[in-house]
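Residue numbers (the working numbering), protein chains in the order written: chain A, 1 to 152; chain B, 1001 to 1508.
Read the structure below first, then the notes.
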Amino acid sequence: MNKTFDTIAGCVFLVVGAFFVVGSLGISKSSYGSTVGPNVFPFGLGVILILLSLIVISQARRSADTRKEKGAHDYKRFSLLLLATIVYVFVFESVGYVISTFLYLVIVFQVMERRRLFLSIGISAFFSCFVYTIYVIVFQGTLPPFPDWPGF
Amino acid sequence: MDTLHFLALGFGEALAWHNILFCFFGVFCGTLVGVLPGIGPSSGVALLIPITASVTGTLAPEQGATSAIIMLAGVFYGAMYSGSTTSILINTPGESASVVTCLDGYQMARQGRAGPALAIAAIGSFVAGMFALLMLIIVAKPLAEVALRFGPPEYFSLVVLGLAAITGLAGKSMPKALIMLVAGLLISTIGIDTVSGSARFTFDIPLLYQGLEFITIAVGMFALGEVFTTIIKGDVAVQEFAKIGRIMPTMQDLRDSILPILRGSVMGFFIGVLPGAGPTLSSFISYTMEKRLSSTPERFGKGAIEGLAGPESANNAAAGGAMIPLLALGIPSSATTAVLMGAFIMYNVQPGPLLFEKHPAVVWGVIASMFFGNVMLLVLNLPLVKMFAKMMEIPAKYLLPLILAICVFGIYAVQGNIFNLWVMLAFGVFGFLLGGNDFPAAPLVLGVILGPMLENNLRRALTGSNGDYSIFVTRPVSALLLTAAVLWIVVPLLLKRMGRRVIVNEDE
């Protein structure tokens, strides 16, 4: 058990519980045709969440930190991947599905293993074009189109 | 006769060519999900929901629902079939229900008996699947009819029982599992309240009026979370695996497996029906049972075919059994069935007692399709097992990024906005951080799905009793269900305190 993490997570859930309790005080108390208003359920759950958070925090504080070093965790690769995904979502609509997905996949494949650039490019190009063709052209679905830059 | 009539209707539905296609695609994807590392049945089903939604978009709503559920159910039981393949060949379970299959399956493979091991697993899965299906046909409708007599208080207590059961077995720490559950229930209250019309926790942001969508959260917590976990653990090396060789088992193998298969089927089915238990637990229990019944228990763990046949049958029977509470009561008994339930709701088909009355074509169509699905799976897992074994060689470095790209595509395709992609990403990171510290993802997703049902029945019951909370304990059936719910939470805690090892269900 990771003591620090549990304590922090417990505190976060405590705040979430408090937020729902406070928030539900602002909701109108009763509604037509029902004696129980929309505030009751979230209020009660918020209180339960606070109590549970207190249990988790106290358990974490009492327990010994038994966390072991579980070998090298690949935080660098994970952070790069997460960053790439955030950028991907950020530019998803403005750059369009095909281009953003192609670039995202090439970058992420290379993050996973910096070899075989051409294979990465090939798979990425195939995937992005394949999904777009099938979904947008065959099934008439909506995905962000190519941007209106000159030349397109 | 009534049931036969409906079953005929179901076969009519399931035999439509597009439904056979959907069924095949579903079990095919399920087989892939079972074989590929880094993606389990719940994330597999969650990932395919958006894709099914777009493919069935052109059908009439009821037909679309039938086809979609046929396919998604196929993914579920398909994954149960083929999860054993990786257990046997590379000692890595494809999903948690196949953990025990590693024990004897991999040993058989090392002794050069990989082929017969795969064959027995497939045959056992088939027998168990068919048995569970027959039981489903016999039991589901009568059960639904009993549940029809439930009023709101009983229903509320039933949902509480379902939630308690899954949460009680969901992880190493009960308070953590409960926290996740309550958080999920709270998330379900975000949005416009359907009864009063008042906006709750929306901060006047129009995007939040509909609430957070279950599918966004499920894909984030299950699929993204799993990919992140796999990447950070660095589990991306390609493993060497055993040669399959000849597939057909010998007569001796068959003779040794027949009883374990039958026992596993019956036991697995009943465990599957219980909420919270599910395939993983049933395979563990079956293994223990076979070992205890065996005259040569010392062979277990060294390639005993009984230790493979029993659990493999049990987990498939349990997968079938799990469909019963889902269809008849509207209570999912595992993470994967919870995701399936979310899919039903997305199509405006509410699982539960009314399902058999309101949407007979959907429910019987799905049930009938499971016959074809089982046969297809037998074919996919016996003659074609070598082809799927090849799939294991797909390097994770290509597979994992593609799963991420499919998550993004899927959520954007069904939701049509960037906001949901951010929500998905946020839940992916939460799921990964929390999951790595024993906060299980399944109860949260379950809470999101069952929250509205719990709240509506609570409010209806209290309206009926003029706000008197004692209605839940004075009505006998409701009191019984609540007692069972409390026991489900308290008994494992007591066992733990007594120093007993409690099996937990990490069905992700």
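Idealized CB from N, CA, C, for every residue including glycine.
Beta-carbon proximity list for residue i, same chain, < 7 Å, skipping 5 on both sides
i, result
"B:V1159", "I1331, L1450, M1453, L1454, N1457"
"B:G1245", "G1112, A1114, G1115"
"B:R1459", "V1195"
"B:D1193", "R1200"
"B:I1324", "L1136, V1139, A1140, L1143, V1273"
"B:S1369", "A1014, N1019, C1023, I1070"
Residue i versus residue j: straight-line alpha-carbon distance, rounded
i, j, result
"B:I1051", "B:I1020", "17 Å"
"B:L1136", "A:F146", "49 Å"
"B:F1388", "B:Y1398", "17 Å"
"B:L1377", "B:M1130", "12 Å"
"B:A1304", "B:G1105", "8 Å"
"B:L1224", "B:C1407", "7 Å"
"B:P1383", "B:A1121", "13 Å"
"B:E1506", "B:I1166", "Reliability of the predicted coordinates at B:E1506 is poor, the pLDDT of 46 falling under 50, and no value is obtained from them."
"A:F43", "B:V1182", "12 Å"
"A:F152", "A:G122", "With a pLDDT of only 47 at A:F152, under the threshold of 50, the placement of this residue in the model should not be trusted, and no figure is reported."
"A:L83", "B:N1381", "39 Å"
"B:L1089", "B:A1109", "6 Å"
"B:A1073", "B:E1357", "20 Å"
"B:L1186", "A:V138", "39 Å"
"B:F1344", "B:T1230", "30 Å"
"A:S53", "B:A1177", "11 Å"
"A:A60", "B:I1179", "14 Å"
"B:H1005", "B:V1366", "15 Å"
"B:S1054", "B:G1197", "30 Å"
"A:F78", "A:G26", "41 Å"
"A:L45", "A:F118", "53 Å"
"B:P1297", "B:M1248", "25 Å"
"B:G1268", "B:S1294", "18 Å"
Where residue i meets chain A, residues with beta-carbon distance less than 7 Å
i, result
"B:F1193", "Note that residue 1193 of chain B is Asp in the sequence shown, not Phe. In chain order: P38."
"B:F1025", "Per Cβ cutoff of 7 Å: no residues; B:F1025 is ~13 Å from chain A at best."
"B:A1060", "Correct list: empty, because the minimum Cβ distance to chain A is about 16 Å."
"B:E1213", "Those within 7 Å of B:E1213 in chain A number zero; the least Cβ separation is about 16 Å."
"B:Y1155", "Residues of chain A passing the Cβ test: none, with the nearest at roughly 15 Å."
"B:F1509", "For residue 1509 of chain B there is no data in the structure shown, the boundaries of chain B being 1001 and 1508."
"B:P1401", "L105, V108, F109, M112"
Beta-carbon contacts of residue i that lie in its chain and below 8 Å, excluding the five residues immediately before and after
i, result
"B:V1075", "G1026, V1027, C1029, G1030, V1033, P1041, G1044, V1045, L1048"
"B:L1036", "G1094, M1391, M1392, I1394, L1399"
"B:P1206", "none"
"A:Y135", "G141, L143"
"A:I57", "D6, T7, G10, C11, L14"
"B:L1340", "V1045, I1069, L1072, A1073, F1076, L1326, P1332"
"B:I978", "No information on residue 978 of chain B is available, as it lies outside the stretch 1001 to 1508 that chain B covers here."
Buried or exposed by the 16-neighbour rule on C-beta atoms within 10 Å, applied to residue i
i, result
"B:P1395", "exposed"
"A:L49", "buried"
"B:H1359", "buried"
"B:K1386", "exposed"
"B:Y1412", "buried"
"B:D1253", "buried"
"B:A1060", "exposed"
"B:M1174", "buried"
Within chain A, partners of residue i - CB distance below 8 Å
i, result
"B:K1397", "F109, M112, E113"
"B:W1422", "V89"
"B:R1459", "S34, V36, V40, F41"
"B:G1416", "T142"
Within chain A, partners of residue i - CB distance below 9 Å
i, result
"B:F1201", "F19, F20, G23, S24, I27, P42"
"B:T1189", "F20, S24, P38, F41, P42, L45"
Proximal residues of chain B, C-beta to C-beta of residue i below 8 Å
i, result
"A:L49", "I1179, V1182, A1183, L1186"
"A:D74", "I1231, I1232, K1233, G1234"
"A:V16", "A1183, L1186"
Residue i: contacting residues in chain B (beta-carbon distance under 7 Å)
i, result
"A:S63", "What A:S63 touches in chain B: nothing, since even the nearest Cβ is about 10 Å away."
"A:T85", "L1404, L1425"
"A:I55", "P1175"
"A:I123", "Y1398"
Beta-carbon neighbours of residue i, restricted to chain B and to distances below 9 Å
i, result
"A:A196", "A query on residue 196 of chain A cannot be resolved here, the shown segment of chain A reaching from 1 to 152 and no further."
Close beta carbons around residue i, own chain, < 6 Å, minus the five adjacent residues each side
i, result
"B:N1091", "C1102, Y1106"
"B:P1260", "E1290, E1306, A1309, G1310"
"B:S1283", "A1097, V1100, P1311, A1314, N1315"
"B:Q1210", "G1191"
"B:L1481", "S1157, L1158, L1161"
Beta-carbon neighbours of residue i, restricted to chain C and to distances below 7 Å
i, result
"A:V131", "No chain C appears in the structure shown, which is made up of the protein chains A and B."
Starting from the N-terminal side, write out each stretch of the alpha helix (DSSP H) that is 4 residues or longer and does not extend beyond the region 1206-1268 of chain B.
Those alpha helix (DSSP H) runs which fall completely within the region 1206-1268 of chain B and span 4+ residues are 1214-1218, 1225-1233.
Sequence ranges, alpha helix (DSSP H) only - wholly within the region 1040-1101 of chain B, length at least 4
1041-1055, 1061-1090
Complete beta strand (DSSP E) runs within the region 1375-1429 of chain B (minimum length 3 residues, chain order):
none
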